[in-house]
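Q:
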Amino acid sequence: MVIPFRGERQAGIVTPAQDRLHFVALDLTTDDRERVRALLQKWTTAAERMTAGAETAPGGAVGGNPEAPPADTGEALGLPAASLTLTFGLGPGFFDKLGIDPALRPPGLAELPRFTLDQLDPALSGGDLCIQACADDPQVAVHAVRNLVRIGFGTTAVRWSQLGFGRTSSTSTTQATPRNLFGFKDGTRNLKAEDGPELDRHVWVQPGDDPAWLAGGTYLVARRIRMHIEIWDRTSLTEQEVIVGRTKGEGAPLGATAEFDAADFAAVGPDGEPRIGEVAHIRLASAEALGGVRILRRGYNFVDGSDGQGHLNAGLFFVAFMRDPHAQFVPMQRALANNDVMMEYIEHTGSAVFACPPGLADGQYWAQPLLEA
Amino acid sequence: MADIADLQSRVTTVELTPVQLANGAKELLDEVATGKITGEEDRYSHTDLWDFKANVEGSQGAVAALRPVIDEKDPTLGPLLDERFAAVDALLEEYREGDGYRLYTDLTEDDIRRMSEAVDALGEPVSQVAGVVTS
Ligand code: HEM
Chain D
62 MVIPFRGERQ AGIVTPAQDR LHFVALDLTT DDRERVRALL QKWTTAAERM TAGAETAPGG
122 AVGGNPEAPP ADTGEALGLP AASLTLTFGL GPGFFDKLGI DPALRPPGLA ELPRFTLDQL
182 DPALSGGDLC IQACADDPQV AVHAVRNLVR IGFGTTAVRW SQLGFGRTSS TSTTQATPRN
242 LFGFKDGTRN LKAEDGPELD RHVWVQPGDD PAWLAGGTYL VARRIRMHIE IWDRTSLTEQ
302 EVIVGRTKGE GAPLGATAEF DAADFAAVGP DGEPRIGEVA HIRLASAEAL GGVRILRRGY
362 NFVDGSDGQG HLNAGLFFVA FMRDPHAQFV PMQRALANND VMMEYIEHTG SAVFACPPGL
422 ADGQYWAQPL LEA
Chain G
64 MADIADLQSR VTTVELTPVQ LANGAKELLD EVATGKITGE EDRYSHTDLW DFKANVEGSQ
124 GAVAALRPVI DEKDPTLGPL LDERFAAVDA LLEEYREGDG YRLYTDLTED DIRRMSEAVD
184 ALGEPVSQVA GVVTS
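Protein chains in written order, with this note's numbering: chain D, 62 to 434; chain G, 64 to 198.
#1: State yes or no: is the beta carbon of Phe382 of chain D nearer than 8 Å to at least one beta carbon in chain A?
#2: Comparing the C-beta of Ala218 of chain D with each C-beta of chain G, is any distance below 8 Å?
#3: In terms of alpha-carbon separation, which member of D:Leu101, D:Ala396, D:Ala375 and D:Phe156 lies closest to Gly352 of chain D?
#4: List, from N- to C-terminal side, the beta strand (DSSP E) runs of 3 residues or more that fit wholly inside the segment 346 to 421 of chain D.
#5: For the beta strand (DSSP E) containing Trp221 of chain D, list its first residue and its last residue.
#6: Give me, in chain order, the residues of the same chain whose beta-carbon lies closer than 6 Å to that of Asp93 of chain G; leave out the 5 immediate sequence neighbours on both sides.
#7: Check whether the segment 67 to 85 of chain D touches the segment 223 to 242 of chain D, taking contact to mean three or more Cβ pairs, one atom from each stretch, closer than 8 Å.
#8: Applying a beta-carbon distance threshold of less than 8 Å, which residues of chain D neighbour Ala125 of chain G?
#9: Is it buried or exposed, Pro65 of chain D, if we count other Cβ atoms within 10 angstroms and call 16 or more buried?
#10: Can you confirm whether Gly215 of chain D, when its beta carbon is compared against all beta carbons of chain G, has any partner nearer than 8 Å?
#11: With DSSP collapsed to three states, give me the class of Tyr426 of chain D.
#12: If I measure Cβ to Cβ from Asp152 of chain G and keep anything under 8 Å in the same chain, skipping five residues before and after, which residues do I get?
#13: Can you find a heavy atom of the ligand HEM that lies under 7 Å from the Cβ of Gly248 of chain D?
#14: Compute the Euclidean distance between the alpha carbons of Asp137 of chain G and Val195 of chain G, then round it to the nearest angstrom.
#15: Met404 of chain D and Val282 of chain D: beta carbons closer than 8 Å?
#16: Taking just the CA atoms, how far does Ser297 of chain D sit from Asn241 of chain D?
#17: Apply the 10 Å Cβ neighbour rule to Glu180 of chain G and answer buried if 16 or more other Cβ atoms are within range, or exposed otherwise.
#18: Apply the 10 Å Cβ neighbour rule to Glu116 of chain D and answer buried if 16 or more other Cβ atoms are within range, or exposed otherwise.
#19: Among the candidates D:Glu408, D:Pro386, D:Met393 and D:Glu136, whose CA atom is the shortest distance from the CA of Leu377 of chain D?
#20: When you compare the segment 103 to 123 of chain D with the segment 200 to 210 of chain D, are there three or more beta-carbon pairs, one atom per stretch, that lie closer than 8 Å?
#21: The ligand HEM and Gln394 of chain D: does the residue's C-beta get closer than 7 Å to at least one heavy atom of that ligand?
#22: With DSSP run on the structure shown, which of helix, strand or coil describes Gln71 of chain D?
#23: Looking only at its chain, what residues have a beta carbon closer than 6 Å to the beta carbon of Asp105 of chain G, apart from the 5 residues adjacent to it on each side?
#24: Should Ile64 of chain D be listed as close to the ligand HEM, given that the test is whether its C-beta is under 7 Å from any heavy atom?
#25: When burial is assigned at 16 or more other CB atoms within 10 Å of the CB, is Phe149 of chain D buried or exposed?
#26: With 16 as the cutoff for other CB atoms within 10 Å, does Asn399 of chain D come out buried or exposed?
#27: In chain D, what lies closer than 8 Å to Asp183 of chain G by C-beta?
#28: What are the residues in the segment 103 to 135 of chain D lying within 9 Å of chain G by C-beta distance?
#29: Provide the residue(s) that pair with Pro314 of chain D in DSSP beta bridges, ordered along the chain.
#30: Could you check the C-alpha separation between Asn374 of chain D and Phe243 of chain D for me, to the nearest Å?
#31: What first and last residue would you give for the alpha helix (DSSP H) that runs through Leu154 of chain G?
#32: Are there any heavy atoms of the ligand HEM lying less than 7 Å away from the beta-carbon of Val303 of chain D, as far as the coordinates show?
#33: Within the 8 Å Cβ cut-off, does Val82 of chain G reach chain D?
#34: Residues of the segment 124 to 148 of chain G in Cβ contact with chain D at a cutoff of 7 Å, in chain order, please.
#35: With a threshold of 8 Å between beta-carbons, can Thr90 of chain D be considered close to chain G, or not?
#36: Could you check whether Glu255 of chain D and Ser233 of chain D sit closer than 8 Å to each other, using their CB atoms as the reference points?
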């Protein structure tokens with residue numbers, strides 16, 4: 062399947078979450094605006110071609126001058142587009158290094174506060190730019206990132222990158238809810254593509270928000286969350302369900318029976334205690350507890366080999382989209398970091414925020430509305 | 064792998080075909096990228112940045128020999144190569160100590176990352192030379 066590259070909004074946000082991810086954060090190695098503009102144009106051309114299932118350039122893999130290295134690296138030859146989306150974002154360093162007018166800098170890029178128990182590794186955090194490649198085939202996603210990184214040499218360098226092997230969220234009512242590595246359905250009560258006005262309210266930067274060029278765009282918050290799955294696996298089913306606030310099998314809120322039954326946060330059990338505990342993950346993260354705040358979660362499971370101590374280096378690469386990280390992610394993560402019992406089983410090891418421009422009209426290149434604002 | 068001294072001597076006497084020269088320029092940088100930067104090469108015992116510098120100079124010499132053809136076929140490539148070679152040179156200068164360079168063992172991870180980035184930035188246009196001179 063081919064997902065259109067151009068349109069009012071960037072693809073890869075409310076697009077039904079594909080199964081695989083390759084996410085890359087890059088740093089600019091130049092402060093020359095013209096050079097960056099030239100790269101963004103080249104990237105856009107290559108990205109558009111790849112999302113249509115084509116090589117980075119016509120005849121790119123084997124059709125060129127045999128004395129020259131092929132323009133396309135070739136590992137996606139013969140593979141379909143596999144729903145590839147390439148979502149582009151700008152980090153704080155992009156504005157600093159290029160000396161962009163402070164009036165054009167998205168205020169949401171202000172540094173996130175430190176949260177309780179954060180164990181952030183600078184080598185897995187930040188970045189001047191990001192490209193999120195999602196596809197139904199991991200080879201297609203990796204091919205896209207690899208070729209864009211290659212095109213960027215001399216203007217950008219990879220800061221960190223993350224593979225995700227399975228989606229942990231559904232972002233459309235047409236999708237079945239997948240499971241994260243704790244074995245729980247994830248994404249049941251997510252914002253979804255079909256949520257229309259709720260998306261305008263919580264995800265898309267609106268006309269009138271600051272800065273104007275970002276209207277129709279959004280912010281991406283990425284958190285690499287290591288999950289201590291071995292410890293979780295020694296926890297009783299009851300305890301696991303109490304921590305999440307939902308049943309493991311069906312994914313129903315405690316006290317209800319079906320996955321999509323409403324969570325009744327006021328319900329009290331025969332013991333006089335709330336059915337969904339005061340510090341259950343879904344209560345702490347709910348709009349009800351946070352003055353109406355919601356986000357669109359679009360994360361991926363990862364296992365980056367092992368940790369040298371006999372454990373899998375596993376976790377959830379949390380990706381979420383929202384209109385204002387400081388009004389949405391920050392209070393939500395603060396509530397979780399301070400009170401969520403799940404924190405005993407997880408560790409946030411990486412963090413980054415990017416501003417994702419609106420979608421591209423015909424002929425436009427990535428970040429053009431900013432660079433020509 | 065091309066031998067630096069041999070390549071340099073032959074560059075001056077121009078015994079190599081343009082493709083051989085271009086590939087020699089590329090291989091000298093490949094050697095820097097895969098061995099000399101990462102410090103994984105024990106073969107070069109007590110290596111310092113001299114080896115790095117020698118490879119870059121060899122590569123630059125080979126490219127210089129081809130420069131008239133490059134300029135004729137793709138006028139944008141030459142200036143880009145000049146700039147990227149100059150960036151690597153400037154970076155190396157930062158590590159000059161007396162008559163030589165700082166030892167690898169004294170470089171920080173950040174130093175090595177910067178060098179690796181500069182060599183990647185140079186390696187891409189150098190890898191285009193063979194295609195351009197045969198186009
Ligand atoms: C490894 C880390 C995490 C795991 C395993 C996890 C797991 C879950 C599960 C199983 C659910 C219930 C199903 C659903 O409605 O999607 C859920 C809900 C939710 N989670 Fe997480 N989560 C994690 C981290 C986070 C983080 C970092 C945030 C945001 C700061 C977050 C925000 C939410 C929200 C907003 C909901 C929906 C709450 C509701 O309204 O019912 N989660 N999570």
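Using N, Cα and C, we set each Cβ at its ideal position, and we do this for glycine too.
The structure presented is a predicted model; accordingly, all values stated were derived computationally and were not measured.
A: Reading it off the structure:
#1: Protein chains in the displayed structure are D and G, and chain A is not among them.
#2: Put simply, the CB of Ala218 of chain D is near chain G, with a gap under 8 Å to one of its CB atoms.
#3: D:Ala396
#4: The segment 346 to 421 of chain D contains these whole beta strand (DSSP E) runs: 361 to 367, 373 to 383 and 407 to 417.
#5: Thr217 to Gly225
#6: none
#7: yes
#8: Near Ala125 of chain G there are no residues of chain D at all, since even the closest Cβ is about 15 Å away, more than 8 Å.
#9: exposed
#10: yes
#11: coil
#12: Val119
#13: yes
#14: 7 Å
#15: no
#16: The straight-line gap from Cα to Cα measures roughly 17 Å.
#17: buried
#18: buried
#19: When C-alpha distances from Leu377 of chain D are compared across D:Glu408, D:Pro386, D:Met393 and D:Glu136, the shortest belongs to D:Glu408.
#20: yes
#21: yes
#22: coil
#23: Note that Asp105 of chain G scores a pLDDT of 49, beneath 50, so its modelled location is shaky and nothing firm can be said.
#24: no
#25: buried
#26: exposed
#27: Correct list: Phe214, Gly215 and Ala218.
#28: Contact residues of the segment 103 to 135 of chain D toward chain G are Gly125, Asn126, Pro127, Glu128, Ala129 and Pro130 (C-beta to C-beta distance below 9 Å).
#29: D:Arg307
#30: 14 Å
#31: Leu140 to Glu156
#32: It does not: the Cβ of Val303 of chain D is nowhere closer than 7 Å to a heavy atom of the ligand HEM.
#33: yes
#34: Of all residues in the segment 124 to 148 of chain G, the ones placed with a Cβ closer than 7 Å to any Cβ belonging to chain D are Arg147, in chain order.
#35: By the rule that beta-carbons nearer than 8 Å mark a contact, Thr90 of chain D touches chain G.
#36: Yes, Cβ-Cβ distance for Ser233 of chain D and Glu255 of chain D is below 8 Å.
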